[in-house]
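Heads up: the first sequence at position 338 corresponds to 338 in full-length UniProt numbering, and the numbers run straight through without jumps. Here's the structure we're looking at; comments come further down.
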Amino acid sequence: MNVPSSFISAPPELSWKSVVTATILRGVGVRHTRHTCLPLLLVFPIPTGTVNVYLRNCCGLLKLVLNLEAGVCVRRCAGQVEAHMPRGGGGAGSSSGSKGAAPLGKQDAFNEAQTAMRAQVIGPFENHGQCKLSMVNVTATADMKCTIDLKTVVMRARNAEYNPKRFSACIIRLINKNEPKATALVFKTGKVVVTGSRSNASVDYACKTFARILSKLDNGSGGPSHKINFDLERDRRVQNMVATTDVGFPIRLEGLVASNQGCFCNYEPELFPGLIYRMKDPKICFLIFVSGKVVLTGAKSAQQLEDGFKKMYPTLCQFKKATVLLQTSATARTANAAASASASTDSSSEPARKKTKT
DNA sequence: CACATATAAAAGGTCA
DNA sequence: TGACCTTTTATATGTG
């Protein structure tokens, strides 16, 4: 990496479009913390593989020439120079005044975004208590039907980061408060993985928004940089859905795993406190916890989630704990400890005491 | 408080 | 060829 430390004056061509933050990752040689975030200005166009970075401080601007291939992650914000951690508490850029990542503008689009912001709730179902499934994550793939220059994307799109040394996709996040949160992994082939949506409507909105963002990136001379040809129905496929629910009573996981003799179940509390139950039809994986909370994942549709839960519910009832305590985590933990203590008196098998971690 | 453990799923690059 | 990387999300334990 080439890091000349000469101070220069601000280049006249700097505009809000040029404002970015850059994240210097471990191994680049600047710092050895995992992420060292610097408030930076970045100027483009850039020579292949490098970015010219202008760090603003009280003395003026410090020019750095960083090599993208050397582990530099560049992130562009929405008009404000600011440093932020990649996994920190959001809030980056995008004040309401500037255009959001996908300002469809029309009232319809606004309404669509507002609708998409609501988490999808399935149920309650008859004869299943008052259980409702809350969808917490939807993963989908979208095909933009054209190759994409990821360096252009990271330079031009808001809230984009790209570190080819770390991962081969460019990551774009929707963090506008007026639209549903979502994250896209954009690959150079034009394939996009969208995660973080909380409903079908939300993932559809996110796919359309990412397609629009990519299609509107300009090539530096006013024209579009990519010929995006995305059709929602044709090119979007939901790949995974995660939902959570609470059956409202504690569950005897030891009993549940014993009754299934390991054919569906895997329960190793030393490794992970949840029981893992893999249902074959529909193909859904359940994480079942003593507290009565249940996580469902692996589904391709809301219908599969519903079918799987309805099929699972009687089994959960079967292994309902006799002693029902109040549902605070502290009391649940106490109840669990008490239950395992009493279990140890009548069953000497107790694999839990062994700290054999393989 | 951050991170590890575990679950599903896709993408495409890298490495043994 | 398969394992890993990365992203997201709920869940709940333990460790530093």
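Glycine residues also receive a C-beta, built at the ideal position from the N, C-alpha and C atoms.
Query raised in the report: Near Phe264, which residues of its chain fall below 6 Å by C-beta distance, leaving aside the five closest residues on each side in sequence?
Result: Around Phe264: Tyr277 and Arg278.
Query raised in the report: Which residues mark the beginning and the end of the beta strand (DSSP E) in which Thr195 is found?
Result: Unbroken beta strand (DSSP E) run through Thr195: Lys191 to Ser197.
Query raised in the report: In chain order, what residues of the same chain have a beta carbon less than 8 Å from the beta carbon of Thr183, not counting five sequence neighbours either side?
Result: In the same chain as Thr183, and ignoring 5 residues on each side of it, the C-beta atoms closer than 8 Å to its own belong to Ile171, Ile172, Arg173, Leu174, Val194, Thr195 and Gly196, in chain order.
Query raised in the report: Beta-carbon separation of Ala243 and Leu305 under 8 Å?
Result: Contact flag set, yes.
Query - Three-pair Cβ contact test at 8 Å for the region 132 to 152 versus the region 184 to 192 - result: Short answer: they touch.
Requested in this report: May I ask which residues mark the beginning and end of the beta strand (DSSP E) holding Phe286?
Outcome: Start and end: Ile284 to Ile288.
**Report entry** At least 3 beta-carbon pairs within less than 8 Å: the region 118 to 125 vs the region 219 to 232
**Finding:** The region 118 to 125 is not in contact with the region 219 to 232.
Query raised in the report: By Cβ distance, which residues of its chain are closer than 6 Å to Lys320, with the 5 residues on each side in sequence left out?
Result: So the qualifying residues of the chain are Phe249.
Query - Where residue 399 falls: helix, strand or coil (DSSP) - result: Residue 399 is absent from the structure shown; the chain starts at 1 and stops at 358.
Query raised in the report: How is the beta strand (DSSP E) around Met279 delimited, first residue to last?
Result: Counting along the chain, the unbroken beta strand (DSSP E) around Met279 starts and ends at Leu275 to Met279.
Query - Where the alpha helix (DSSP H) through Cys146 begins and ends - result: Taken as a continuous stretch (DSSP letters only), Cys146 belongs to no alpha helix (DSSP H), as it is neither H nor E.
Query raised in the report: Where does Cys131 fall in DSSP's three states?
Result: If DSSP states are grouped into helix, strand and coil, Cys131 belongs with coil.
**Report entry** For Glu161, the first and last residue of its enclosing beta strand (DSSP E)
**Finding:** Ala160 to Tyr162 is the extent of the beta strand (DSSP E) around Glu161.
Query raised in the report: Apart from the five residues just before and just after Val129, which ones in its own chain have a Cβ nearer than 7 Å to its Cβ?
Result: One point to set straight first is that residue 129 is Gly, not Val, in the sequence displayed. Counting only Cβ-Cβ distances below 7 Å, and skipping sequence neighbours, we find Val247 and Gly248.
Query raised in the report: Who pairs with Lys177 in a beta bridge, going by DSSP?
Result: Bridge partners of Lys177: none, in fact.
Query raised in the report: By the 10 Å Cβ neighbour count, where 16 or more other Cβ atoms means buried, how is Lys151 classified, buried or exposed?
Result: By the 10 Å Cβ count, Lys151 comes out buried.
Query raised in the report: Rounded to whole angstroms, how far is the Cβ of Ser202 from the Cβ of Val138, which I believe are closer than 8 Å?
Result: Contact flag correct, Cβ pair sits at about 7 Å.
Query raised in the report: For Arg236, is the classification buried or exposed, using 16 other Cβ atoms within 10 angstroms of its Cβ as the cut-off for buried?
Result: By the neighbour-count rule (16 or more Cβ atoms within 10 Å), Arg236 is buried.
Query raised in the report: Cβ atoms of Asp307 and Pro282: under 8 Å apart, would you say?
Result: Contact: yes.
Query raised in the report: When we look at the beta-carbon of Ala322 and count the other beta-carbons within 10 Å, is it buried (16 or more) or exposed?
Result: Result: exposed.
Report task. Please report how far the alpha carbon of Gln114 lies from the alpha carbon of Leu214, in whole angstroms. Result -> One C-alpha to the other measures close to 22 Å.
Query raised in the report: Exposed or buried, what is Phe167 when buried is set at 16 or more other beta-carbons lying within 10 Å of its beta-carbon?
Result: It is exposed - the Cβ of Phe167 has fewer than 16 other Cβ atoms within 10 Å.
Query raised in the report: Apart from the five residues on each side of it in sequence, which residues of its chain come closer than 6 Å, Cβ to Cβ, to Gly91?
Result: With a pLDDT of 30 at Gly91, under the threshold of 50, the predicted position of this residue should be treated as unreliable, though the coordinate-derived value follows. Apart from sequence neighbours up to five positions away, no residue of its chain approaches Gly91 with a beta-carbon distance below 6 Å.
Query - beta strand (DSSP E) runs contained entirely in the region 201 to 268, provided each spans 3 or more residues - result: The region 201 to 268 is shown to contain whole beta strand (DSSP E) runs of 3 or more residues at 236 to 246, in chain order.
Requested in this report: Sort Lys311, Ile288 and Ile251 by Cα distance to Lys280 and report the nearest one.
Outcome: Nearest to Lys280 by C-alpha distance, out of Lys311, Ile288 and Ile251, is Lys311.
Query - Coarse secondary structure for Ala302, derived from DSSP in three states - result: Residue state, collapsed to three classes: helix.
Query - C-alpha distance - Asn260 paired with Ile228, whole-angstrom precision - result: Distance from the CA of Asn260 to the CA of Ile228, rounded to the nearest whole angstrom, comes to 50 Å.
Report task. Spatial neighbours of Lys181 within its chain, please: CB distance less than 7 Å, with the 5 preceding and 5 following residues excluded, ordered by chain position. Result -> Counting only residues of its own chain and dropping the five nearest sequence neighbours on each side, Lys181 has a CB closer than 7 Å to the CB of Leu174, Ile175 and Gly196.
Report task. Within its chain, find whatever has a CB closer than 6 Å to the CB of Asn266; leave out the 5 residues flanking it on each side and keep chain order. Result -> Close CB contacts of Asn266 within its chain, under the 6 Å cut and outside five residues either way in sequence, are with Ile276 (chain order).
Report task. Grab the span of the beta strand (DSSP E) containing Ala169 for me, first residue to last. Result -> Neither: Ala169 is in no beta strand (DSSP E) and is coded neither H nor E.
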